[in-house]
Amino acid sequence: MVTFNLMQSSSARWQIRTRPNRHYPFLSRHPWVMANALAHATLREVIPEDGSDASEPQSAKSQTANESDDETADSDPTERQLPACGEIIDLLDYDGNWIARGLINPASRLRIRLYAFSAEEQIDETMWADRIEQAVARRRLTGPANPQGGERLIFSESDRMSGLIVDRYADCLSIQITGGALIPRVEMLIREVSAAAARHQTPCQRILVRMDDATVKHEGVSEETLAQLRSFTTLDSEADSTVWYQHNGLEMAIDLQDGQKTGGYLDQQLNHAAAASYMADRRVLDICTYTGGFALAAARAGAKEVVAVDSSERALEIAKRNAERNQLTNVRFDQGDCFDDLKERRERGEQFDAIVLDPPRFAGSRNQTNAALRAYTRLNASAVDLLPPGGILVTCSCSGRVSRADFLNMLVDVGRKRGRDLIVLESRGPSPDHVFAVSCPESDYLKCIVVQVI
4 MVTFNLMQSS SARWQIRTRP NRHYPFLSRH PWVMANALAH ATLREVIPED GSDASEPQSA
64 KSQTANESDD ETADSDPTER QLPACGEIID LLDYDGNWIA RGLINPASRL RIRLYAFSAE
124 EQIDETMWAD RIEQAVARRR LTGPANPQGG ERLIFSESDR MSGLIVDRYA DCLSIQITGG
184 ALIPRVEMLI REVSAAAARH QTPCQRILVR MDDATVKHEG VSEETLAQLR SFTTLDSEAD
244 STVWYQHNGL EMAIDLQDGQ KTGGYLDQQL NHAAAASYMA DRRVLDICTY TGGFALAAAR
304 AGAKEVVAVD SSERALEIAK RNAERNQLTN VRFDQGDCFD DLKERRERGE QFDAIVLDPP
364 RFAGSRNQTN AALRAYTRLN ASAVDLLPPG GILVTCSCSG RVSRADFLNM LVDVGRKRGR
424 DLIVLESRGP SPDHVFAVSC PESDYLKCIV VQVI
């Protein structure tokens, strides 16, 4: 576990250099600095002797470009003083030239998150307030918001606030912290997000702050710190964590406390509607339905029958409530694993006119990409087996490490293996509130491909 810096200093008290030739992504403003990109022996605390601002770029003295890059020099320091989690640090290249400024978490493989690429810019409350206001205003470029609807207000790296995700469901803010270095600033961030939402005609009365179990582990967050983080939640009870909001003309419930991501899948909001336009008079299978987004949209659009499958009993309970709330009686809900369910339906000789595949993320890191593509191939091939000529396949991937080109090539492989032609009708991404920064291609993560199978 790490120590958290609760001070709100805007000055960088630390500097560190990259390893040789590892600085190029940061010149292009990529915000993630992994631990293996750093020359750890160059970490030093900056204590100005002349009273100057410690945040001014200086050259680290502990190593020069001509010194050997041996294993000891670049090993992660364990016995000397380390910065606290959340402290501001300046990133230099191997020759000591200033690159960027960010926040450090000594316990995380994603060691530094970068926020400032100008030496004059400080990481202070003004910076956060300005970026939060800009992010919320960005969502209004396409028109006014529906106060009873759902939208993403802040999307981490895409809005230049790595580690912070904020979704709004009606009058509730669901705030997900994915970077431990932001924890000391959470109270200020909540205040600024709430104020910005109110300024843009979507005031929120309830707040949920969450950090998922995997992030807690990866960021080195203690149970005590996690409890402090969750203390900012203002939901009155466990029952209060079920929130209703308007979604494509439907009344939808989500579980903010225990649901996936921030509770729902706002990124698929427009894709639910687009896919539904192909579903009239068809028998539809929705695999990984979660709370029923694709399934209920298909039912509302006139599908003859919809079978919705998910492995989570809790998700299916909410999906059933959503169907009842919207008086959709042509939907059946089955619990099961996505791979097993498709296999069993093929063995029974079942056939569907349209199939939706919206599985969870298969690749969380670069070294999982090949395994993820094999899983996507298996899943999509199993779906194609259940479709007649002319059938519709809506297949999705939320794995940022899997590119759109790789995902489409996976479909080429499926067609080859099954002896079928796959014609792409639409190649879609997330809803417009899920913006992405070109400097961080991983933020362009969602693929939704509508295919006719011949």
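Residues in the sequence shown are numbered from 4 upward in steps of one, following the numbering used here.
For every residue, glycine included, the Cβ atom is placed at its ideal position computed from N, Cα and C.
If you check the CB distance, Y248 and Q151 come in under 8 Å. For the 8 Å CB-CB criterion, V212 and I157 do not form a contact.
With a cutoff of 8 Å on beta-carbon distance, R114 and V36 are scored as near each other. The alpha-carbon separation between R22 and R155 amounts to approximately 36 Å.
Closest in C-alpha terms to L106, from the list N100, G99, L94 and D98, comes L94. When C-beta atoms of the segment 332-352 are compared with those of the segment 377-384, three or more pairs fall below 8 Å, so the two segments count as touching. Taken in chain order, the whole alpha helix (DSSP H) runs of length 4 or more contained in the segment 337-370 are 341-350. In this structure, DSSP gives Q271 a helical state, which the three-state scheme calls helix.
Among the bridge pairs identified by DSSP, E154 is matched with R171. Rounded to the nearest whole angstrom, the C-alpha separation of S280 and Q204 is 31 Å. Between D215 and Q271, the gap from beta carbon to beta carbon reaches 8 Å or more. Assigned with DSSP and collapsed to three states, S159 falls in helix.
Per DSSP, the beta-bridge partners of Y248 are M255. Counting every other CB atom within 10 Å of its CB across the protein chains shown gives Y97 a total of 16 or more, marking it as buried. Annotated three-state conformation of V387 is helix, per DSSP. Looking from the CA of W101, the closest CA among E123, N333, A256 and R303 belongs to E123. At a Cβ-Cβ threshold of 8 Å, L167 and A200 do not count as neighbours.
From the listed residues P363, A15, R134 and D162, the smallest Cα separation to P435 is found for D162.
Here Q231 carries a helix assignment [DSSP, helix/strand/coil]. Residue burial is scored here from C-beta neighbours: L425 has at least 16 other C-beta atoms within 10 angstroms and is therefore classed as buried.
Counting the other Cβ atoms within 10 Å of the Cβ of E350 gives fewer than 16, which makes it exposed. In the structure shown, E429 falls within a strand segment according to DSSP collapsed to helix, strand and coil. In its chain, beyond the 5 residues on either side, A366, T372, A375 and L376 have a beta carbon closer than 7 Å to the beta carbon of V405. DSSP assignment within the segment 294-323 yields the following whole alpha helix (DSSP H) runs of 4 residues or more, N-terminal first: 296-303. Assignment of Q179 by DSSP, reduced to helix, strand and coil, places it in the strand class. Of all C-beta pairs linking the segment 276-292 to the segment 308-316, three or more are shorter than 8 Å, placing the two stretches in contact. About 7 Å separates the beta carbon of L414 from that of I452, a gap short enough to meet the 8 Å contact definition.
H26 sits in coil when the DSSP states are folded into three classes, being neither helix nor strand. By the neighbour-count definition (other C-beta atoms within 10 Å, threshold 16), K420 is an exposed residue. Per the C-alpha coordinates, the member of L185, Q263, L30 and V454 positioned closest to G418 is V454. Here the alpha carbon of K450 sits roughly 6 Å from the alpha carbon of R431. Y379 sits in a helix when the DSSP states are folded into three classes. Look at A110 here: in three-state DSSP terms it is coil, with no helix or strand label.
With fewer than 16 other Cβ atoms from the protein chains shown falling within 10 Å of its own Cβ, S234 counts as exposed. Within the model, the alpha-carbon separation for C401 versus D133 is close to 29 Å. Residue R25 holds the alpha-carbon nearest to the alpha-carbon of N39 among Q18, R25 and A302.
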